[in-house]
Amino acid sequence: MEIKHTTAEKFYIEACDDGAGDVLAIDRVSTEVTLAGAEQHRVDERTDAISICMYLIVITKKKKVGDLLGHAIWKATDFDIVSYKKTVLHLTDTQMQDNKAFLSMINSVLNTDGFFFATDYDLTHTLQRLANTSPEFQEMTLLERVREISSCCINGKIFDWNIISRRSCFRAGVRYYIRGIDSEGHAANFVETEQIVQYNGAKASFVQTRGSIPFYWSQRPNLKYKPKPQISKSVNHLDGFQRHFDSQIITYGKQVILNLVNQKGSEKPLEQAFAKMVDSLGNGMIKYVAFDFHKECSRMRWHRLQILVDMVAEIQNEFGYFLVDSDGTVQLQQDGTFRSNCMDCLDRTNVIQSLLARRSLQSQLERIGVLHVGQRIEEQADFEKIYKNAWADNANACAKQYAGTGALKTDFTRTGKRTQWGLLMDGWNSMIRYYKNNFSDGFRQDSIDLFLGNYAVEEADMNTPLHEPKDWKFLTLPIIMVVAFSMCIICLLMAGDTWTETLAYVLFWGSASVVTAGVILFNGRDFVDAPKLVQKEKMD
Numbered sequence: 001m002e003i004k005h006t007t008a009e010k011f012y013i014e015a016c017d018d019g020a021g022d023v024l025a026i027d028r029v030s031t032e033v034t035l036a037g038a039e040q041h042r043v044d045e046r047t048d049a050i051s052i053c054m055y056l057i058v059i060t061k062k063k064k065v066g067d068l069l070g071h072a073i074w075k076a077t078d079f080d081i082v083s084y085k086k087t088v089l090h091l092t093d094t095q096m097q098d099n100k101a102f103l104s105m106i107n108s109v110l111n112t113d114g115f116f117f118a119t120d121y122d123l124t125h126t127l128q129r130l131a132n133t134s135p136e137f138q139e140m141t142l143l144e145r146v147r148e149i150s151s152c153c154i155n156g157k158i159f160d161w162n163i164i165s166r167r168s169c170f171r172a173g174v175r176y177y178i179r180g181i182d183s184e185g186h187a188a189n190f191v192e193t194e195q196i197v198q199y200n201g202a203k204a205s206f207v208q209t210r211g212s213i214p215f216y217w218s219q220r221p222n223l224k225y226k227p228k229p230q231i232s233k234s235v236n237h238l239d240g241f242q243r244h245f246d247s248q249i250i251t252y253g254k255q256v257i258l259n260l261v262n263q264k265g266s267e268k269p270l271e272q273a274f275a276k277m278v279d280s281l282g283n284g285m286i287k288y289v290a291f292d293f294h295k296e297c298s299r300m301r302w303h304r305l306q307i308l309v310d311m312v313a314e315i316q317n318e319f320g321y322f323l324v325d326s327d328g329t330v331q332l333q334q335d336g337t338f339r340s341n342c343m344d345c346l347d348r349t350n351v352i353q354s355l356l357a358r359r360s361l362q363s364q365l366e367r368i369g370v371l372h373v374g375q376r377i378e379e380q381a382d383f384e385k386i387y388k389n390a391w392a393d394n395a396n397a398c399a400k401q402y403a404g405t406g407a408l409k410t411d412f413t414r415t416g417k418r419t420q421w422g423l424l425m426d427g428w429n430s431m432i433r434y435y436k437n438n439f440s441d442g443f444r445q446d447s448i449d450l451f452l453g454n455y456a457v458e459e460a461d462m463n464t465p466l467h468e469p470k471d472w473k474f475l476t477l478p479i480i481m482v483v484a485f486s487m488c489i490i491c492l493l494m495a496g497d498t499w500t501e502t503l504a505y506v507l508f509w510g511s512a513s514v515v516t517a518g519v520i521l522f523n524g525r526d527f528v529d530a531p532k533l534v535q536k537e538k539m540d
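For the sequence shown, the positions run 1 to 540 when the UniProt record's numbering is used.
This is how it looks when you write it as structure tokens:
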């Protein structure tokens, strides 16, 4: 879309598509949205979906990534952010600074790789939902990952294969600041991934979901490499837990939970609580499967993942997949879905989802006539490479939005085996995650909250949360630690008259730096970059 022209009262926005005659008119005062064309009428849109901090966000550039089921799929690549106000001269200096900070937040979200859309197709719905026109499902997508769409070939038969990941806009956020569920049962980092294959008019779809462990827990960053998860002791977990799975059953049918967390150490209480709540719920539509991913695959024994795949094979056959034949007749319905999770619902989860999707795809390609009887996907070298790389790219896209880096373990997803280079890259990404999770994720969380309207900017508010004063420890202790450590190094390099004098200085300054570092770690939550706009702990 492009802004055709503006007046003192309205924006007039015109679609870039050929043949689009209507113009979108947006009132700059009331924010009312209307279509100006042959007929004037009110458009049923939420103004806060396009107006953030009294700014209008318009997609100005797009890139075609391919066609899905005959519909062009576009990726938004550039945006304009236009102020509703005709001038900002009425703002105070403090408000001007806040305005710049809010604009940088919006830009940081818009620069996230993952905004896809179609002008004549609803990407927010799976094939099965579109076919069934399910009234219960509401639009939920914040960001999507769509593989660059291109045709594939097996046995000389050309077919389309794609995966789409849809991230929920409910309880959206970043890795350590958004965990568990909210009071409505919405899970953090909830992503629906659909695998679609089309050949000779027939279409097949297989859907899986991932989401944070669905009860009330947190894992706030505190400068430690892996903060200890905390399960809330002051709320009724079962109420939100039931709300979550009631929603999942309505949308997807039967649920098989694949819990991949460690069954020892700090993750053990989460696994035990999850299993206990499933038992307490007593819902026959839910089956719980615990699989200690790290234990089973320790010492590079990644072939043991087949244990889990075999364990749920019969259930997967029972669930099936959605299939429409070439004349549009629905042949099969997917009767349930796998809900996978680890701690972040990223690295371990993506590996398992790719293996389950491959097994479903094997059956789909046989059913629609692409694979011959007895042929295996693994034997089709060209397609196998496409398949593995697509799932690795999907893992990276989901991970960057939630954790700030690409996914771990993608060497296995891309090559089918764990490598030393992959371990090295995982270490590098883990270090970057540590830095971002502790020192920049507060800003990212604020950006998402502002973008989604979880925080509304009030022009009359002279003191926004951005100006909360820092505690004295924030600057004082790091300075003392740096000075003490520097003096320790200087004493080592510039020896005193006697070795005992040098040793005394080194011990003094060394002890000062160690003690200060200990105090900083003890008060770690005071030193991390925490969100300022919305306090999630209070909301939950």
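Here a beta-carbon is modelled for each residue, glycine too, at the ideal position from N, C-alpha and C.
- Task: Please determine, among T500, S511, L493, N438, the residue with the shortest C-alpha to C-alpha distance to G524.
- Result: Check the Cα spacing between G524 and each of T500, S511, L493, N438: the tightest is with N438.
- Would you list the one or two residues that DSSP bridges to R167? Paired residues: V191.
- Item | Backbone secondary structure at D44 - three-state DSSP | Reliability fails at D44, whose pLDDT of 37 lies under 50, so the model's placement of it is uncertain and the value that follows must be treated cautiously. Three-state DSSP puts D44 in coil, outside helix and strand.
- Query: From I257 to S447, what distance separates their C-alpha atoms?
  - Reply: A straight line joining the alpha-carbon of I257 with that of S447 spans about 31 angstroms.
- Where A202 sits in the DSSP three-state scheme: Under the three-state reduction of DSSP output, A202 falls in the strand class.
- C-beta atoms of H71 and A118 nearer than 7 angstroms: Contact flag set, yes.
- Item | Straight-line Cα distance separating T251 from V29 | Here the C-alpha atom of V29 lies approximately 39 angstroms from the C-alpha atom of T251.
- Item | First through last residue of the alpha helix (DSSP H) which encompasses E14 | Secondary structure note for E14: it is in no alpha helix (DSSP H), and the uninterrupted beta strand (DSSP E) holding it is 10 to 14.
- Task: From the DSSP output, read off the bridge partner residues of F79.
- Result: In the DSSP assignment, F79 forms a beta bridge with I59.
- Message: To the nearest angstrom, how far is the alpha carbon of E9 from that of T34?
- Response: The alpha-carbon atoms of E9 and T34 are separated by roughly 13 angstroms.
- Task: Using alpha carbons as the reference points, say which of Y55, K470, V58, K75 lies closest to K64.
- Result: Across the set Y55, K470, V58, K75, the C-alpha of K75 shows the shortest separation from the C-alpha of K64.
- Query: Among residues of its own chain, excluding the 5 on either side of Y225, which ones have a beta-carbon nearer than 7 angstroms to its beta-carbon?
  - Reply: Excluding positions up to five away in sequence, the list reads Y434.
- Item | Identity of the residue in W428, G253, G156 nearest G336 by Cα | With distances taken between CA atoms, G336 lies nearest to G253 out of W428, G253, G156.
- Nearest-angstrom beta carbon gap, I163 and Q195 [assumed within contact, 8 angstroms]: Yes, they are in contact, since the Cβ atoms of Q195 and I163 sit about 5 angstroms apart, within 8 angstroms.
- Message: Tell me the rounded alpha-carbon separation between N350 and Y321.
- Response: Straight through space, the alpha carbons of Y321 and N350 are spaced by roughly 19 angstroms.
- Task: Kindly indicate which residue of S486, K532, M343 has the alpha-carbon position closest to the one of S511.
- Result: Out of S486, K532, M343, S486 has the C-alpha closest to the C-alpha of S511.
- Message: Quick check: G240 and I286, are their CB atoms within less than 7 angstroms of each other?
- Response: In this structure, G240 keeps its C-beta atom at 7 angstroms or more from the C-beta atom of I286.
- Message: Counting C-beta neighbours from all protein chains within 10 Å, is the total for C398 16 or more, i.e. buried, or is it exposed?
- Response: Burial of C398 is indicated by the presence of at least 16 other C-beta atoms within 10 angstroms of its C-beta.
- Do the CB positions of A392 and T410 come within less than 7 angstroms of each other? It is a contact, given that the beta carbons lie within the stated cut-off.
- Message: Can you tell me whether V370 is helix, strand or coil according to DSSP?
- Response: Residue state, collapsed to three classes: coil.
- Query: Which of helix, strand or coil does DSSP assign to I178?
  - Reply: I178 falls in the coil class under three-state DSSP.
- Message: Quick check on residue 553: buried or exposed, where buried means 16 or more other Cβ atoms within 10 Å of its Cβ?
- Response: What the structure shows of the chain is the stretch from 1 to 540, and residue 553 is not part of that stretch, so it cannot be assessed.
- Message: With H, G and I counted as helix, E and B as strand and the rest as coil, what does DSSP make of A290?
- Response: Three-state DSSP puts A290 in a strand.
- Message: Taking only three categories from DSSP, how would you classify E136?
- Response: At E136, the pLDDT of 40 sits below 50, so the modelled position is not reliable and the matter cannot be decided from this model.
- Range covered by the beta strand (DSSP E) that runs through V377: According to the sequence provided, residue 377 is Ile. The question's Val does not apply to it. Boundaries cannot be given for I377, as no beta strand (DSSP E) includes it and DSSP labels it neither H nor E.
- Where the beta strand (DSSP E) containing K254 begins and where it ends: Per DSSP, K254 belongs to the beta strand (DSSP E) from 254 to 259.
- Would you mind reading off the limits of the alpha helix (DSSP H) that contains F451? From DSSP, the alpha helix (DSSP H) with F451 extends over 441 to 452.
- Query: Excluding five sequence neighbours on each side, which residues of the same chain lie with their C-beta closer than 7 angstroms to the C-beta of L466?
  - Reply: Correct list, in chain order: D98, A101, K532.
- Item | Span separating the alpha-carbon of V519 from that of T405 | Rounded to the nearest whole angstrom, the CA to CA distance from V519 to T405 is 29 angstroms.
- Alpha-carbon to alpha-carbon, F116 and A403: For A403 and F116, the distance between alpha carbons rounds to 20 angstroms.
- Message: Starting from N99, trace the alpha helix (DSSP H) in both directions and tell me its first and last residue.
- Response: Taken as a continuous stretch (DSSP letters only), the alpha helix (DSSP H) holding N99 covers 93 to 110.
- Simplified DSSP assignment, three categories, for C398: Secondary structure of C398 (DSSP, three-state): helix.
- Which residue comes first and which comes last in the alpha helix (DSSP H) that contains C152? Where C152 is concerned, there is no enclosing alpha helix (DSSP H), although the beta strand (DSSP E) it sits in stretches over 151 to 154.
- Determine the DSSP secondary structure at F115, reduced to helix, strand or coil. Looking at F115 - three-state DSSP - the assignment turns out to be coil, as it is neither helix nor strand.
- Enclosing beta strand (DSSP E) for D27 [first to last residue]: Membership of D27 in the beta strand (DSSP E) is indicated by the continuous run 23 to 27.
- Selection from Q219, V174, A204, S232 that minimises the alpha carbon distance to S183: Of the residues Q219, V174, A204, S232, the one whose Cα lies closest to the Cα of S183 is S232.
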